[in-house]
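> In the numbering used here, the protein residues as written are 6 to 370. Glycine is no exception: its CB is placed at the ideal position from the N, C-alpha and C atoms.
So, in structure tokens, the structure goes:
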């Protein structure tokens, strides 16, 4: 797998972070909040993309398709049609920056991934919302575009519970995902207006999810509902057929056997997938009972969502099969947390808990 943080031109990494370094140590850390122009300059995102003809090794021109290529590194980024509209990095940031300044959004980070195939920026909205009087939700907008032919200019509203750093993104009802697309990115004036509408839409999502979270914090859950949620999540990750039922044993009994050692595991012929499932159930139970939940109204639907979120956002980084370098694995986990399986699972549990708490009607419509 290619290095995700782009180091193809700048070995320090094409990324910029405000006030705090990222876990991978790449990129430049600023002691202040940058403007979009400064973020582009410091992160080294000022390069342009052009369309280039495709040819075979022996010189024949390949019709109907061209390559998108970086002009500084000459790297080919994707294969597209000859009419593909390129969104230059500076143009993508321009509309976002104007609206960010209007709405008092603060740029926190920006960068390029995978040799420049993907471009992103993260902005924070002012303030935060207390849930249950103890935990605080902060709101962010992730801007994302790319040069492979598969990425339009989009914004993703996402929430972070401060302290435990659990993330939540919620799609509008009737939409397949939570991304808000800027459809006229090539026209700056139209893009600015669309970005304004997108930020207004995101603020509506933030307000709605905050209200739902408050309802979750006030709603105690039964152990039956907790177990139902945990099993739904584990079915999601491992499949329904991973539920251990060896000689009539319950998952708890199987867990005791698994923890007893490999020899005991071989005697009951439990599969690796089943072992992972029961170990994950144990981890979820620990998340449910740990000290950190003291800030999340213990025993509540909010504490239940946070237990699942902490497991998907953090434990899965440690427990997933190792592929590529450590930085590759962490970048993959970052993507998974915001728009992969982890994000889907967290959204599902949030909506299930909202229904349990009688707050479904408050979800963004």
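Once DSSP output is grouped into helix, strand and coil, what is the label at residue 89?
In the structure shown, residue 89 sits in coil (DSSP, three-state: anything other than H, G, I, E or B).
> Quick check on residue 58: buried or exposed, where buried means 16 or more other Cβ atoms within 10 Å of its Cβ?
With fewer than 16 Cβ atoms within 10 Å of its Cβ, residue 58 is classed as exposed.
> Return helix, strand or coil for residue 164, following the three-state DSSP convention.
Reduced to three states, the DSSP call for residue 164 is strand.
> Suppose the cutoff is 6 Å on Cβ atoms and the five residues either side in sequence are ignored; what does the same chain contact list for residue 326 look like?
Any reading at residue 326 needs caution, since the residue's pLDDT is 47, under 50, leaving its predicted position unreliable; the model's value is listed next. Within the same chain, residue 326 has no close Cβ partners at all.
> Count Cβ pairs between the segment 231-238 and the segment 350-367 that sit closer than 8 Å; are there 3 or more?
As far as the Cβ criterion goes, the segment 231-238 touches the segment 350-367, which means the pair count is three or higher.
> So for residue 319, helix, strand or coil by DSSP?
The answer is helix: DSSP assigns residue 319 an H, G or I state.
> Give, in chain order, every unbroken run of the alpha helix (DSSP H) that is at least 4 residues long and sits entirely within the segment 206-243.
Taking only runs of at least 4 residues, the alpha helix (DSSP H) segments lying wholly in the segment 206-243 are 228-243.
> Closest to residue 33 by C-alpha separation, out of 49, 41, 42, would be which residue?
The candidate whose alpha carbon is nearest that of residue 33 is 49.
> Can you find the residues in the same chain that come closer than 6 Å, C-beta to C-beta, to residue 313, ignoring five residues on each side of it along the sequence?
The answer, listed in chain order, is 238, 354.
> Give the DSSP-derived three-state secondary structure of residue 275 in the structure shown.
Of the three classes helix, strand and coil, the one that applies to residue 275 here is coil, per DSSP.
> Could you check if residue 67 is buried or exposed, using at least 16 other CB atoms within 10 Å of its CB as the buried criterion?
Label assigned to residue 67: exposed.
> Pick from 96, 55, 78, 255: whose alpha carbon is nearest that of residue 19?
Comparing Cα positions, the closest option is 78.
> For residue 114, I'd like the list of residues in its chain whose CB is within less than 6 Å of its CB, leaving aside the five on either flank, ordered along the chain.
Excluding positions up to five away in sequence, the list reads 22, 127.
> In angstroms, rounded to a whole number, what distance separates the CA positions of residue 143 and residue 286?
If you take the alpha carbons of residue 143 and residue 286, they lie about 29 Å apart.
> Per DSSP, residue 314 forms a beta bridge with which residues?
Bridge partners of residue 314: none, in fact.
> For residue 129, which three-state DSSP category applies?
Reduced to three states, the DSSP call for residue 129 is strand.
> Is it buried or exposed for residue 121, if we count other Cβ within 10 angstroms and need 16 for buried?
Buried, since its Cβ has 16 or more Cβ neighbours within 10 Å.
> Thinking just about the alpha-carbon of each residue, which of 242, 197, 100 is nearest to the one in residue 279?
Checking every option, the nearest Cα to that of residue 279 belongs to 242.
> Specify, as a first and last residue, the run of the beta strand (DSSP E) that residue 143 falls within.
Where residue 143 is concerned, the enclosing beta strand (DSSP E) stretches over 140-151.
> Please report the straight-line C-alpha distance between residue 317 and residue 352, rounded to a whole angstrom.
Each residue's alpha carbon lies about 11 Å from the other.
> Taking C-alpha atoms, which residue in 227, 61, 220, 99 lies nearest to residue 194?
Nearest of 227, 61, 220, 99 to residue 194, Cα basis: 99.
> Is DSSP giving residue 35 helix, strand or coil here?
Residue 35: strand per DSSP, three-state reduction.
> Distance, Cα to Cα, residue 260 vs residue 283?
Roughly 6 Å separates the two Cα atoms.
> Could you tell me which of 119, 214, 139 sits nearest to residue 163, measuring between CA atoms?
Of 119, 214, 139, the residue nearest in Cα terms is 214.
> What span of residues does the alpha helix (DSSP H) with residue 45 cover, start to end?
Its alpha helix (DSSP H) spans residues 41-48.
> By the 10 Å Cβ neighbour count, where 16 or more other Cβ atoms means buried, how is residue 291 classified, buried or exposed?
Exposed, because fewer than 16 other Cβ atoms sit within 10 Å of the Cβ of residue 291.
> Please classify residue 291: does DSSP put it in a helix, a strand, or coil?
Helix, per DSSP.
> Is residue 300 near residue 135, with beta carbons less than 7 Å apart?
Not closer than 7 Å, so no.
> Classify residue 246 as helix, strand or coil using the three-state DSSP reduction.
Reduced to three states, the DSSP call for residue 246 is helix.
> How big is the Cα-Cα spacing for residue 72 and residue 200?
When rounded, the distance between both Cα atoms is 28 Å.
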